[in-house]
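S.K.: Take the sequence shown: its letters are residues 244 to 311, numbered as in my numbering.
Virtual Cβ for every residue (Gly too), placed ideally from N, Cα, C.
I have a structure I would like to understand better, so I am pasting it below and will then ask my questions one at a time.
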Amino acid sequence: MFRIDETAQTLDPEAAINMSYAAWCTIHGLALFASGGPLRSLQDHPEKLEVLVNSVLDTLLLGMDKRI
C-alpha cells in the first residue's frame, strides 16, 4: 500500500496514481541508465548492478510502504 499520510485510513486514488508514476519513472530511468546511459559500465559487473537495483527498489518500496 502506498504511504499517503501516516494517519490516513484510506488511500487517495489520485495520490496512488501519482506514486505509481513515480515508481514507473524510477524503474524505467534505472533501466535506461543501465542499458545505455551513465550506468552502462555496470553491464560488465552484473553483481554490482544487482546490488544497485535492489537498493533502489528497497528505497522506493520503503517510501511507499504505509506499514512502516
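1) Residues in the same chain with beta-carbon distance under 7 Å from K291, minus the five sequence neighbours each way, listed in chain order, please.
2) On the CB-based measure, 16 or more other CB atoms within 10 Å of its CB, does V294 come out buried or exposed?
3) Alpha carbon to alpha carbon, how far is H271 from P256?
4) Going by Cα to Cα distance, which pick from P289, G280, A266, P281 is closest to V299?
5) Return the chain-ordered list of same chain residues with a C-beta closer than 6 Å to the C-beta of A274, the five sequence neighbours on each side being excluded.
M.R.: Walking through what the data contain:
1) Same-chain partners within the cutoff: L285.
2) That one is exposed.
3) Roughly 22 Å between the two C-alpha positions.
4) Taking only the C-alpha atoms, the option nearest V299 is A266.
5) Cβ neighbours of A274 beyond the five flanking positions: none.
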